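Quick note: to get this note's numbering, add 4 to the position in the sequence shown (first position is 1).
Following: one structure in C-alpha coordinates, then a few remarks.
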Amino acid sequence: MDVPVYLFTGFLESGKSSMMKETLSDPEFNDGSKTLILACEQGEVEFDKTFLKQTHSVLVNIENKEQLTADYLEKLEHEYRPKQVFIEFNGMWSVTEFLDMEFPLNWMLVQIISTVDAQTFMMYVNNMRSLMYDQLVHSEMILINRCDSNTKKSFLRSNIKAINKGAQIIYESVDGGINDLPEDDLPFDINASVIDIQDDDYGLWYMDALDHPYKYDGKVVRFKGKVVHIEKDNRSFVIGRYAMVCCAEDTSLIGYLCKSVKPVKLVMNEWITLTARIVVEYDEEYQRNLVVPHAQAIEPAEELQDDLVYFS
(Lines of atoms letter the chains of each structure in order from A; the text may use other names.)
(Lines give C-alpha, C1' and ligand atoms only; values in the text may rest on other atoms or scores of the structure.)
Protein backbone atom coordinates (compact mmCIF):
# COMPACT_ATOMS: atom_id res chain seq x y z
CA MET A 5 0.00 0.00 0.00
CA ASP A 6 1.25 3.47 -0.89
CA VAL A 7 2.41 5.68 1.98
CA PRO A 8 1.48 9.35 1.38
CA VAL A 9 4.30 11.82 2.10
CA TYR A 10 3.60 15.46 2.98
CA LEU A 11 6.56 17.84 2.71
CA PHE A 12 6.45 21.12 4.68
CA THR A 13 8.98 23.74 3.60
CA GLY A 14 9.80 27.28 4.72
CA PHE A 15 12.28 29.17 6.86
CA LEU A 16 12.79 28.59 10.59
CA GLU A 17 9.90 29.92 12.71
CA SER A 18 7.69 30.47 9.65
CA GLY A 19 5.02 28.23 11.15
CA LYS A 20 5.80 24.78 9.72
CA SER A 21 5.53 22.91 13.03
CA SER A 22 2.28 24.63 13.97
CA MET A 23 0.74 23.81 10.61
CA MET A 24 1.84 20.19 10.89
CA LYS A 25 0.33 19.90 14.36
CA GLU A 26 -2.95 21.44 13.19
CA THR A 27 -3.07 19.08 10.22
CA LEU A 28 -2.33 15.98 12.30
CA SER A 29 -5.01 17.00 14.80
CA ASP A 30 -7.58 16.90 11.99
CA PRO A 31 -9.58 13.63 12.14
CA GLU A 32 -8.96 13.16 8.40
CA PHE A 33 -5.26 12.74 9.14
CA ASN A 34 -5.63 11.19 12.57
CA ASP A 35 -7.57 7.95 12.19
CA GLY A 36 -5.36 5.88 14.47
CA SER A 37 -2.81 4.99 11.81
CA LYS A 38 0.87 5.51 12.51
CA THR A 39 2.46 8.73 11.31
CA LEU A 40 6.20 9.16 10.94
CA ILE A 41 7.32 12.75 11.56
CA LEU A 42 10.76 13.70 10.27
CA ALA A 43 11.87 16.96 11.90
CA CYS A 44 14.83 18.49 10.09
CA GLU A 45 15.06 21.55 12.32
CA GLN A 46 14.01 22.56 15.82
CA GLY A 47 11.70 25.57 16.04
CA GLU A 48 9.72 27.18 18.84
CA VAL A 49 6.88 24.65 18.57
CA GLU A 50 7.73 21.13 19.68
CA PHE A 51 6.15 17.75 19.07
CA ASP A 52 5.80 16.71 22.71
CA LYS A 53 5.07 13.22 23.99
CA THR A 54 1.39 13.98 24.66
CA PHE A 55 0.85 15.18 21.08
CA LEU A 56 2.71 12.22 19.62
CA LYS A 57 0.58 9.81 21.64
CA GLN A 58 -2.69 11.54 20.72
CA THR A 59 -1.87 11.50 17.01
CA HIS A 60 -0.30 8.01 16.96
CA SER A 61 2.93 9.54 15.70
CA VAL A 62 6.59 8.75 16.07
CA LEU A 63 9.18 11.54 15.86
CA VAL A 64 12.61 11.21 14.28
CA ASN A 65 14.95 14.19 14.41
CA ILE A 66 17.27 14.71 11.45
CA GLU A 67 20.36 16.47 12.77
CA ASN A 68 22.10 17.28 9.47
CA LYS A 69 21.38 16.98 5.78
CA GLU A 70 24.07 14.32 5.29
CA GLN A 71 21.90 12.05 7.45
CA LEU A 72 18.97 12.42 5.08
CA THR A 73 19.74 9.79 2.43
CA ALA A 74 17.74 7.27 0.43
CA ASP A 75 19.24 4.44 2.50
CA TYR A 76 18.26 6.16 5.74
CA LEU A 77 14.67 6.67 4.57
CA GLU A 78 14.51 3.01 3.61
CA LYS A 79 15.75 2.10 7.09
CA LEU A 80 13.01 4.22 8.67
CA GLU A 81 10.39 2.56 6.49
CA HIS A 82 11.42 -0.91 7.66
CA GLU A 83 11.71 0.16 11.29
CA TYR A 84 8.42 2.04 11.71
CA ARG A 85 6.14 0.89 8.84
CA PRO A 86 4.26 4.21 8.83
CA LYS A 87 0.91 4.77 7.14
CA GLN A 88 1.83 8.37 6.34
CA VAL A 89 4.93 10.57 6.57
CA PHE A 90 5.15 14.26 7.51
CA ILE A 91 8.48 15.96 6.82
CA GLU A 92 9.38 19.30 8.38
CA PHE A 93 12.16 20.41 6.05
CA ASN A 94 15.06 22.63 7.02
CA GLY A 95 14.77 26.12 5.56
CA MET A 96 18.48 26.26 4.76
CA TRP A 97 18.59 22.95 2.86
CA SER A 98 17.87 22.50 -0.84
CA VAL A 99 14.36 21.21 -1.50
CA THR A 100 15.32 20.57 -5.13
CA GLU A 101 18.16 18.25 -4.12
CA PHE A 102 15.89 16.41 -1.70
CA LEU A 103 13.24 15.85 -4.37
CA ASP A 104 15.87 14.32 -6.64
CA MET A 105 16.58 11.67 -4.01
CA GLU A 106 15.01 8.21 -4.21
CA PHE A 107 12.25 7.51 -1.70
CA PRO A 108 11.26 4.03 -0.49
CA LEU A 109 9.25 2.32 -3.24
CA ASN A 110 5.92 2.61 -1.43
CA TRP A 111 6.39 6.26 -0.39
CA MET A 112 4.45 8.66 -2.59
CA LEU A 113 4.93 12.43 -2.34
CA VAL A 114 1.37 13.79 -2.50
CA GLN A 115 1.74 17.43 -1.48
CA ILE A 116 4.35 20.11 -0.84
CA ILE A 117 3.16 22.83 1.51
CA SER A 118 5.14 25.97 2.36
CA THR A 119 4.76 28.49 5.15
CA VAL A 120 5.75 32.15 4.95
CA ASP A 121 5.89 34.70 7.75
CA ALA A 122 4.33 37.88 6.36
CA GLN A 123 6.30 40.02 8.79
CA THR A 124 9.75 38.76 7.74
CA PHE A 125 9.01 38.10 4.06
CA MET A 126 10.51 41.35 2.77
CA MET A 127 13.77 40.73 4.64
CA TYR A 128 14.15 37.28 3.08
CA VAL A 129 13.20 38.53 -0.40
CA ASN A 130 15.83 41.25 -0.23
CA ASN A 131 18.63 39.21 1.35
CA MET A 132 18.02 35.51 0.67
CA ARG A 133 15.88 35.37 -2.45
CA SER A 134 17.61 32.32 -3.96
CA LEU A 135 16.95 30.31 -0.78
CA MET A 136 13.33 31.47 -0.68
CA TYR A 137 12.96 30.51 -4.33
CA ASP A 138 14.06 26.95 -3.60
CA GLN A 139 11.69 26.69 -0.63
CA LEU A 140 8.64 27.86 -2.61
CA VAL A 141 9.09 26.90 -6.25
CA HIS A 142 7.83 23.31 -5.88
CA SER A 143 4.88 24.01 -3.56
CA GLU A 144 1.24 23.35 -4.36
CA MET A 145 0.02 25.43 -1.41
CA ILE A 146 1.65 28.38 0.34
CA LEU A 147 0.33 29.60 3.69
CA ILE A 148 1.20 33.21 4.50
CA ASN A 149 0.71 33.59 8.23
CA ARG A 150 0.92 36.39 10.81
CA CYS A 151 -0.91 38.82 8.53
CA ASP A 152 -2.26 42.04 10.03
CA SER A 153 -3.75 45.33 8.89
CA ASN A 154 -0.34 46.50 7.64
CA THR A 155 0.25 43.46 5.42
CA LYS A 156 0.64 44.36 1.74
CA LYS A 157 -1.19 41.57 -0.03
CA SER A 158 -0.15 42.67 -3.53
CA PHE A 159 3.55 42.69 -2.57
CA LEU A 160 3.36 39.20 -1.08
CA ARG A 161 1.25 37.70 -3.85
CA SER A 162 3.22 39.23 -6.70
CA ASN A 163 6.62 38.14 -5.41
CA ILE A 164 5.39 34.61 -4.68
CA LYS A 165 3.60 34.28 -8.02
CA ALA A 166 6.81 35.35 -9.78
CA ILE A 167 8.44 32.31 -8.18
CA ASN A 168 5.53 29.88 -8.42
CA LYS A 169 2.57 30.88 -10.62
CA GLY A 170 0.55 27.76 -9.91
CA ALA A 171 0.62 27.74 -6.12
CA GLN A 172 -2.53 28.25 -4.09
CA ILE A 173 -2.00 31.09 -1.60
CA ILE A 174 -3.79 31.20 1.75
CA TYR A 175 -3.56 34.15 4.15
CA GLU A 176 -3.70 33.58 7.92
CA SER A 177 -4.08 36.36 10.47
CA VAL A 178 -1.98 36.88 13.58
CA ASP A 179 -4.59 35.10 15.70
CA GLY A 180 -4.45 32.02 13.46
CA GLY A 181 -7.72 32.51 11.58
CA ILE A 182 -8.02 32.47 7.80
CA ASN A 183 -7.79 36.06 6.66
CA ASP A 184 -9.44 37.29 3.45
CA LEU A 185 -7.29 40.37 3.15
CA PRO A 186 -8.88 43.16 1.11
CA GLU A 187 -7.30 43.92 -2.22
CA ASP A 188 -4.67 46.64 -2.00
CA ASP A 189 -5.39 49.87 -3.86
CA LEU A 190 -3.90 49.54 -7.32
CA PRO A 191 -1.58 52.34 -8.49
CA PHE A 192 -3.63 52.93 -11.67
CA ASP A 193 -7.23 53.79 -12.46
CA ILE A 194 -9.08 50.60 -13.40
CA ASN A 195 -12.09 52.64 -14.58
CA ALA A 196 -10.20 55.01 -16.90
CA SER A 197 -11.09 54.98 -20.60
CA VAL A 198 -7.47 53.96 -21.18
CA ILE A 199 -5.71 52.32 -18.23
CA ASP A 200 -2.16 53.68 -18.27
CA ILE A 201 0.30 51.25 -16.70
CA GLN A 202 3.43 53.06 -15.56
CA ASP A 203 6.74 51.25 -15.94
CA ASP A 204 7.14 50.67 -12.19
CA ASP A 205 3.61 49.24 -11.93
CA TYR A 206 3.90 46.63 -14.68
CA GLY A 207 4.57 43.75 -12.27
CA LEU A 208 1.61 44.54 -10.01
CA TRP A 209 -0.68 44.87 -13.02
CA TYR A 210 0.53 41.62 -14.56
CA MET A 211 -0.07 39.62 -11.38
CA ASP A 212 -3.46 41.23 -10.77
CA ALA A 213 -4.51 40.41 -14.33
CA LEU A 214 -3.24 36.85 -13.87
CA ASP A 215 -5.37 36.39 -10.74
CA HIS A 216 -8.40 38.41 -11.88
CA PRO A 217 -8.52 38.33 -15.70
CA TYR A 218 -12.21 39.26 -15.99
CA LYS A 219 -11.54 42.52 -14.13
CA TYR A 220 -9.85 43.69 -17.35
CA ASP A 221 -12.09 42.04 -19.94
CA GLY A 222 -13.08 44.66 -22.52
CA LYS A 223 -10.84 47.35 -20.98
CA VAL A 224 -8.28 49.32 -22.99
CA VAL A 225 -4.78 49.23 -21.51
CA ARG A 226 -1.56 51.02 -22.48
CA PHE A 227 1.82 49.67 -21.34
CA LYS A 228 5.46 49.38 -22.37
CA GLY A 229 7.37 46.16 -23.01
CA LYS A 230 9.88 44.34 -25.19
CA VAL A 231 8.96 42.18 -28.17
CA VAL A 232 10.29 38.69 -27.41
CA HIS A 233 8.51 36.57 -30.03
CA ILE A 234 6.78 37.13 -33.36
CA GLU A 235 4.56 34.57 -35.10
CA LYS A 236 5.14 33.88 -38.80
CA ASP A 237 1.85 35.48 -39.81
CA ASN A 238 2.85 38.72 -38.00
CA ARG A 239 -0.60 38.82 -36.42
CA SER A 240 0.46 37.46 -33.03
CA PHE A 241 3.45 38.39 -30.89
CA VAL A 242 4.66 38.20 -27.31
CA ILE A 243 5.50 41.36 -25.39
CA GLY A 244 6.73 41.48 -21.83
CA ARG A 245 9.46 42.14 -19.32
CA TYR A 246 11.62 39.98 -17.10
CA ALA A 247 11.33 39.51 -13.36
CA MET A 248 14.12 38.30 -11.11
CA VAL A 249 13.12 34.86 -9.84
CA CYS A 250 15.88 33.69 -7.52
CA CYS A 251 18.90 35.83 -8.47
CA ALA A 252 19.99 38.43 -11.01
CA GLU A 253 21.19 35.68 -13.35
CA ASP A 254 17.88 33.83 -13.17
CA THR A 255 14.96 35.77 -14.65
CA SER A 256 11.54 34.77 -15.87
CA LEU A 257 9.47 36.38 -18.61
CA ILE A 258 6.18 37.83 -17.47
CA GLY A 259 4.48 38.77 -20.68
CA TYR A 260 1.44 38.49 -22.88
CA LEU A 261 0.56 36.81 -26.13
CA CYS A 262 -0.90 39.69 -28.12
CA LYS A 263 -3.04 39.56 -31.25
CA SER A 264 -3.65 41.94 -34.13
CA VAL A 265 -6.31 42.00 -36.84
CA LYS A 266 -3.73 43.18 -39.39
CA PRO A 267 -0.09 42.05 -39.77
CA VAL A 268 2.26 44.21 -37.72
CA LYS A 269 5.84 45.22 -38.48
CA LEU A 270 7.88 44.44 -35.40
CA VAL A 271 11.52 43.69 -34.69
CA MET A 272 12.69 41.21 -32.11
CA ASN A 273 13.84 42.79 -28.81
CA GLU A 274 12.54 46.25 -29.72
CA TRP A 275 10.70 48.22 -27.05
CA ILE A 276 7.19 49.37 -27.84
CA THR A 277 4.26 51.05 -26.16
CA LEU A 278 1.16 48.98 -26.81
CA THR A 279 -2.41 50.20 -26.58
CA ALA A 280 -4.72 47.20 -26.60
CA ARG A 281 -8.24 46.06 -25.84
CA ILE A 282 -8.21 43.18 -23.38
CA VAL A 283 -10.04 39.95 -24.22
CA VAL A 284 -10.13 37.00 -21.83
CA GLU A 285 -9.42 33.77 -23.71
CA TYR A 286 -8.84 30.16 -22.70
CA ASP A 287 -5.21 29.03 -22.96
CA GLU A 288 -4.69 25.32 -23.70
CA GLU A 289 -1.12 25.29 -22.37
CA TYR A 290 -2.01 26.78 -18.99
CA GLN A 291 -5.55 25.31 -19.01
CA ARG A 292 -7.09 28.49 -17.69
CA ASN A 293 -8.52 31.80 -18.86
CA LEU A 294 -5.90 34.47 -19.44
CA VAL A 295 -5.74 38.11 -20.48
CA VAL A 296 -4.99 38.52 -24.20
CA PRO A 297 -4.28 42.09 -25.43
CA HIS A 298 -5.67 42.84 -28.91
CA ALA A 299 -3.53 45.58 -30.42
CA GLN A 300 -5.07 48.94 -31.29
CA ALA A 301 -1.90 51.05 -31.53
CA ILE A 302 1.82 50.30 -31.45
CA GLU A 303 4.43 53.00 -30.90
CA PRO A 304 8.23 52.77 -30.58
CA ALA A 305 9.51 53.27 -27.04
CA GLU A 306 12.84 53.89 -25.35
CA GLU A 307 14.51 50.93 -23.65
CA LEU A 308 14.28 51.07 -19.88
CA GLN A 309 17.54 51.63 -18.01
CA ASP A 310 16.52 49.00 -15.47
CA ASP A 311 14.22 46.62 -17.32
CA LEU A 312 13.73 44.14 -14.46
CA VAL A 313 10.25 43.99 -12.93
CA TYR A 314 9.79 44.66 -9.22
CA PHE A 315 6.71 44.08 -7.10
CA SER A 316 7.16 46.57 -4.25
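In this text, a Cβ means the ideal position worked out from N, Cα and C, and glycines have one as well.
Treat the numbers as computed from the prediction; the structure is a model and nothing was measured.
Residues near residue i in its chain [Cβ-Cβ closer than 6 Å; skip 5 each side]
i    : result
K20  : F12, G14, E92 and T119
V64  : L42
D152 : V178
T279 : R226, Q300 and A301
D121 : S18 and R150
W275 : K230, A305 and E307
Y10  : F90 and Q115
V283 : V296 and H298
Nonlocal neighbours in the same chain, by C-beta distance under 7 Å from residue i, ignoring five residues either side
i    : result
L261 : S240, V242 and V296
I66  : L42, A43, C44 and L72
L16  : E45, G47 and G95
G36  : H60
Terminal residues of the alpha helix (DSSP H) in which residue i lies
i    : result
G207 : Y206 to D215
N130 : F125 to N131
K230 : From DSSP, K230 is part of no alpha helix (DSSP H) but of the beta strand (DSSP E) over V224 to I234.
CB contact flag (residue i, residue j, <8 Å)
i    : j    : result
T39  : F107 : no
M145 : A171 : yes
D138 : T100 : yes
G244 : I234 : no
P217 : D205 : no
V7   : M112 : yes
E285 : L294 : yes
S143 : L208 : no
K69  : W97  : yes
I194 : K156 : no
Residue nearest to residue i in terms of C-alpha spacing, selected from the options
i    : options                   : result
A305 : N273, T124 and K219       : N273
Y314 : F55, S153, M248 and D152  : M248
V231 : Y128, Q123, T279 and L270 : L270
R161 : D215, V225, D6 and M105   : D215
M5   : K87, M23, E70 and N293    : K87
V265 : W275, D254 and H298       : H298
E176 : M23, L16, Y10 and V7      : M23
L312 : Y218, E32 and N163        : N163
D30  : D104, S98, T59 and N131   : T59
K169 : I194, K156 and D212       : D212
D203 : T277, G222 and S256       : T277
Contacting residues, own chain, Cβ-Cβ under 8 Å from residue i (five flanking each side not counted)
i    : result
V329 : For the chain, the structure presents residues 5 to 316; residue 329 sits outside this window and is missing.
V49  : S21, S22 and K25
V129 : M136 and N163
Residue i: first and last residue of the uninterrupted beta strand (DSSP E) it sits in
i    : result
F90  : Q88 to E92
Q143 : The sequence shown places Ser at residue 143, rather than the Gln named in the question. No beta strand (DSSP E) contains S143, which DSSP labels as neither H nor E.
Q172 : Q172 to S177
Y218 : From DSSP, Y218 is part of no beta strand (DSSP E); its letter is neither H nor E.
CB contact check: residue i to chain C, cutoff 8 Å
i    : result
R150 : Absent from the structure is chain C; it holds one protein chain and no more.
Exercise. Does the region 196–210 come within contact of the region 218–228, defined as at least 3 CB pairs closer than 8 Å?
Worked result: yes
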